[in-house]
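Single-structure report; data block below.
In the working numbering, the protein residues as written are 67 to 221.
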């Protein structure tokens, strides 16, 4: 979670308004890294915040599905770290929740620093642009078409 917070803060893309962690030491470190952010010991408390828009789910994999669905049901957009869930059925449940609520659900795969600078391949840049476009569309209230699993428009 710390890496997500540091990268987001460094990007200048927005402000982290709230952080949550059940471990008090981790929560204190996240709060220190994000001055002014409210700190919660429970995800449910964070999700109740009206000013929290997108939520990053950076938890052990077995918790991705329940927390992502709770966030989607609370009307939040969700960026979930990889792997998205423990099996395909859980991913489908997450996608169904996003579809029902009209929220964006995206899965992230971060690239760690390497000895030599890396240039993302064109497909990675396209995915990043797609996620950005989906988020912007959702914020502007535009409908986001989500294809059911196995129904790719590129086939």
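All residues carry an ideal CB built from backbone N, CA and C; glycine is no exception. Since the structure is predicted, the reported quantities are computational estimates derived from the model, not experimental observations.
I'd like to confirm the pairing. Which residues does DSSP put opposite residue i in its beta bridges?
{"i": "residue 106", "result": "86"}
{"i": "residue 173", "result": "146"}
{"i": "residue 123", "result": "146"}
Would residue i and residue j qualify as a contact pair, given that the criterion is a beta-carbon distance under 7 Å?
{"i": "residue 138", "j": "residue 167", "result": "yes"}
Assuming residue i and residue j make a contact with CB atoms under 8 Å, what is their CB distance in whole Å?
{"i": "residue 131", "j": "residue 154", "result": "Their Cβ separation, rounded to whole angstroms, is 11 Å, which puts residue 131 and residue 154 out of contact at 8 Å."}
{"i": "residue 105", "j": "residue 93", "result": "5 Å"}
{"i": "residue 136", "j": "residue 110", "result": "7 Å"}
{"i": "residue 97", "j": "residue 103", "result": "6 Å"}
Using only alpha-carbon positions, find the residue among the options that is nearest to residue i.
{"i": "residue 71", "options": "169, 161, 149, 145", "result": "145"}
{"i": "residue 143", "options": "156, 126, 150, 164", "result": "164"}
{"i": "residue 126", "options": "206, 90, 147", "result": "147"}
{"i": "residue 74", "options": "120, 161, 111", "result": "120"}
{"i": "residue 99", "options": "69, 118, 169, 171", "result": "69"}
{"i": "residue 174", "options": "101, 102, 122, 116", "result": "122"}
Exposed or buried, what is residue i when buried is set at 16 or more other beta-carbons lying within 10 Å of its beta-carbon?
{"i": "residue 84", "result": "buried"}
{"i": "residue 140", "result": "buried"}
{"i": "residue 87", "result": "buried"}
{"i": "residue 107", "result": "exposed"}
{"i": "residue 134", "result": "buried"}
{"i": "residue 78", "result": "exposed"}
{"i": "residue 82", "result": "buried"}
{"i": "residue 150", "result": "buried"}
{"i": "residue 25", "result": "The requested residue 25 is not part of the displayed model; the chain covers only 67 to 221."}
{"i": "residue 124", "result": "buried"}
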